[in-house]
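**Student:** So for the sequence shown, the working numbering puts the first residue at 48; every next one is plus one. Have a look at the structure that comes next, please.
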Amino acid sequence: MCLIFHHKVSDFQLFNFKGYKYEETLGYVSHKYNDRNLYEKAGNFFIGIGPMISGTLFIILSFKLLLPQAYSSISIKSYFTYLSSINIESVLFLLFSLSKNLLFYIFNANNLSSINFYIFIYLMFSVSSHISLSKKDFKNSSVGILSLFIIFFTICLLAVFLNFNLNNLLLIFMRMIIYLILLLSIGLIFSLISLFISCIIFNIKR
48 MCLIFHHKVS
58 DFQLFNFKGY
68 KYEETLGYVS
78 HKYNDRNLYE
88 KAGNFFIGIG
98 PMISGTLFII
108 LSFKLLLPQA
118 YSSISIKSYF
128 TYLSSINIES
138 VLFLLFSLSK
148 NLLFYIFNAN
158 NLSSINFYIF
168 IYLMFSVSSH
178 ISLSKKDFKN
188 SSVGILSLFI
198 IFFTICLLAV
208 FLNFNLNNLL
218 LIFMRMIIYL
228 ILLLSIGLIF
238 SLISLFISCI
248 IFNIKR
């Protein structure tokens, strides 16, 4: 995200092995940007939620590579094409349907006898339990929200002056937002599965 929005990465740490027990973060990325550049400033929003986006994409990729039959049966990509109309009911129905299908196709008898299933569960559990945002992530995201709104508002204003169909433009923006919400919701679903597994392990140990 830093590269996409032209932020200069000054330092980063992938894993904080020594001080992770005493510090708030397991890793960090230090970056600089031009505060007068609206595009770079708006990028703070996507950089802030970057861990959730990249974490979810990694889980989906692991799902596709390790459990290809289950992935093809669910066809996650097709859920994005179902959004022919924008309304809360359709989005909630898609999320409920996707959650049910994920649980059904992942935890079936055929997968339980495969080593790939346990590798996927480990990766999914590790990633989904660490894609939550830190205080700094929330702070960076809030900085970019206003700039992002200004960009959208400017584009809509230009569309009005150029006699462009504003409804079509708003529809594009809304679908982009819904696609982002649906993508992050997939990460949420896997996080809930991780929570479910954690509860089982906790009760067994207790």
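Beta carbons are placed, not taken as given, at the ideal position from N, Cα and C, and that holds for glycine.
Out of E87, K252 and C203, point me to the one whose CA is closest to V56's CA.
**Tutor:** It is E87 whose Cα lies nearest to the Cα of V56.
**Student:** Say whether chain C places a C-beta atom closer than 7 Å to the C-beta of L85.
**Tutor:** Going by chain labels, chain C is absent from the structure shown, which holds only one protein chain.
**Student:** Going by beta-carbon coordinates alone, are Y152 and I121 separated by less than 7 Å?
**Tutor:** Yes. Within cutoff.
**Student:** Relative to the alpha-carbon of S232, which residue among S161, C49, F208 and I106 has its alpha-carbon at the smallest distance?
**Tutor:** With distances taken between Cα atoms, S232 lies closest to I106.
**Student:** Could you name the residues of the same chain whose beta carbon sits closer than 8 Å to that of G191, not counting the 5 residues immediately before and after it, in chain order?
**Tutor:** If we look at G191 and ignore the five residues flanking it on each side, its Cβ neighbours are K88, A89, G90, N91, F92, F93, I94 and G95.
**Student:** Determine the extent of the alpha helix (DSSP H) in which S194 is found, giving its start and end residues.
**Tutor:** S194 -> alpha helix (DSSP H) spans K182 to F208.
**Student:** Run through DSSP, which three-state label would F59 get?
**Tutor:** If DSSP states are grouped into helix, strand and coil, F59 belongs with the strands.
**Student:** Taking all protein chains shown into account, do 16 or more other C-beta atoms lie within 10 angstroms of the C-beta of L113, making it buried, or fewer, making it exposed?
**Tutor:** L113 should be labelled buried.
**Student:** Given a threshold of 16 other Cβ atoms within 10 Å of its Cβ, counted over all protein chains shown, does H54 qualify as buried or as exposed?
**Tutor:** Buried: at least 16 other Cβ atoms inside 10 Å.
**Student:** Which residues in the same chain have their Cβ closer than 8 Å to the Cβ of F64, if we skip the five residues on either side of it in sequence?
**Tutor:** Taken in chain order, the list of residues that qualify is empty.
**Student:** What residue range does the alpha helix (DSSP H) around Y75 cover?
**Tutor:** No alpha helix (DSSP H) holds Y75; the beta strand (DSSP E) holding it covers Y75 to K79.
**Student:** Any chance the region 166-174 sits against the region 239-253, with 3 or more Cβ pairs inside 8 Å?
**Tutor:** Touching, per the Cβ criterion.
**Student:** Pick from Y80, I178, F143 and C203: whose alpha carbon is nearest that of L104?
**Tutor:** The candidate whose alpha carbon is nearest that of L104 is I178.
**Student:** Can you list, in chain order, the residues of its chain whose CB lies under 8 Å from that of L180, leaving out five sequence neighbours each side?
**Tutor:** Once the five neighbours on either side are set aside, the close Cβ partners of L180 are G95, I96, P98, M99 and S188.
**Student:** Go to S101, then tell me how far its alpha helix (DSSP H) extends in each direction, as first and last residue.
**Tutor:** Looking at the DSSP string, the run of the alpha helix (DSSP H) that includes S101 is G97 to L113.
**Student:** Could you check if V174 is buried or exposed, using at least 16 other CB atoms within 10 Å of its CB as the buried criterion?
**Tutor:** It is buried - the Cβ of V174 has at least 16 other Cβ atoms within 10 Å.
**Student:** Please report the residue range of the alpha helix (DSSP H) in which F167 lies.
**Tutor:** First-last of the alpha helix (DSSP H) with F167: I162 to S175.
**Student:** With distances taken Cα to Cα, identify the nearest neighbour of V159 among S176, L142, N148 and A117.
**Tutor:** First, the amino acid is wrong: residue 159 is Leu here, not Val. Checking every option, the nearest Cα to that of L159 belongs to A117.
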